[in-house]
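> Positions -17 to -1, 1 to 293 (mature numbering (1 follows the signal peptide of the UniProt record, and there is no 0)) are the ones given, in order, by the sequence shown. Backbone N, C-alpha and C fix where the C-beta goes; we use that ideal spot for every residue, glycine too. Mind having a look at this structure? Questions to follow.
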Amino acid sequence: MRLSVLLCFTAISLVSSASIDENAGNPRSDLFEGDMILTPDQQQAVNNGDLGASRGAPIHDKKWPNAILPYEIRSDLKGTPAEGVIQNAMREWESKTCVRFQKRTTQKNYVYFFKGDGCWSYVGMLDRGAQAISLGSGCWHKGTAAHEIGHALGFYHEQSRPDRDNYVTVHWDNIKTDSKHNFNKYSADRINTFGTPYDFGSLMHYGTNYFSVNGRATITPKKSGAKIGQRDYLSDLDVHQMNLRYGCPNHYKVEYGCLWRFQSAGRRCWKRCGIKGSGDWCWVDKKCSSKSSCGSNMDMMVTQCNGSCG
């Protein structure tokens, strides 16, 4: 499945989007998981269970070359609050990853934002020219726009992970009959999670009541106190996975959950970690006798986080 420099402080961009459902009101019948359009090749890959990049992005999706996404904002959104929302959403990604957005000049492949019916996007770079991101009037929130941009960059939804049943409960009886497929998960040999923990706080996670037939919860966390479905900012793990996906340099590493913060003390180094609720794992570096050797990652439990290494 996050960037803090705000370009335009419009009233609508400051509204918390923690409970916004980008799938609500989408009239299209061809949307995958509520807000994505798949190419025939991508749909075939999904039908075959053949998924394989971060957050379940299919093997047929492509990354944007050099992590640069050219874009246009169409006339039906220009001069509206949506224009500032889009800029803020792009800066949410830019300030924490090596992904960059450039106004299109002559690039063949690019994204255009327009005022469509609902909120939706294609997944990854299609390599066939222009591809759309729809931002209807109910989608003009920074987190919602950043979510759809996440799809365009290659992300699927967090709850599609193969291990999701260890972390959330899907309440099938509360889901609309024609929407149950939106809650499918994919096998471990088809999805690369980059070894990251399940992220309740992901911008790419469904909310509690998505596709409900009766107003009751359709998906709930098993972890006490965990919340899902926020649409305010990129989680630290969203940032980490996108950086891994696009091969961002090490200086784009972020302090997520319990991330490393190493200081050298002769032949030893020590680490201190903060906990932000993105699961029970802490990522730290090993063999820390020098700065140059702090380059290999390993998983450790939070309880081990404050030890020393050498």
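Taking the alpha carbon of Tyr54 as the point to measure from, which residue in Lys45, Gly62 and Glu66 has its own alpha carbon closest?
Glu66
> So what's Pro23 in DSSP terms, helix, strand or just coil?
Three-state result, Pro23: helix.
> According to DSSP, Lys86 sits in a beta bridge with which residue or residues?
Tyr54
> Starting from Ile211, follow its DSSP beta bridges and name the residues at the other end.
Partner(s): none; Ile211 has no beta bridge.
> Helix, strand or coil for Trp47? Go by DSSP, reduced to three states.
When DSSP states are grouped into helix, strand and coil, Trp47 belongs to the coil group.
> Taking the straight line between their C-alpha atoms, what separation do you get for Asp215 and Ile51?
23 Å
> Can you name, in chain order, every residue of its own chain whose Cβ lies under 8 Å from the Cβ of Thr201, other than the five neighbours on each side?
Val153, His154, Asn157, Ile158, Phe166, Tyr189, Thr191, Asn192, Tyr193, Phe194 and Ser195
> Report the three-state DSSP secondary structure of Trp103 (helix, strand or coil).
strand
> Any idea if Trp23 is buried or exposed, counting beta-carbon neighbours within 10 angstroms, 16 or more meaning buried?
Note on identity: in this sequence residue 23 is Pro, with Trp being the wrong assignment. Within 10 angstroms of the beta-carbon of Pro23 lie fewer than 16 other beta-carbons, which makes it exposed.
> Given a threshold of 16 other Cβ atoms within 10 Å of its Cβ, counted over all protein chains shown, does Asn226 qualify as buried or as exposed?
Of the residues assessed, Asn226 falls on the buried side of the cut-off, its CB having 16 or more other CB atoms within 10 angstroms.
> Can you have a look at Gln85 and say buried or exposed, based on whether 16 or more other CB atoms are within 10 angstroms of its CB?
Answer is exposed; the Cβ neighbour count stays below 16.
> Going by CA-CA distance only, name the one from Asp182, Cys102 and Gly62 that's closest to Asp146.
Asp182
> Where does the unbroken alpha helix (DSSP H) through Pro64 begin, and where does it stop?
Counting along the chain, Pro64 sits inside the alpha helix (DSSP H) bounded by residues Pro64 to Glu77.
> Among the candidates Ile211, Cys102 and Arg87, whose CA atom is the shortest distance from the CA of Tyr95?
Residue Arg87 is the option with its Cα nearest to Tyr95.
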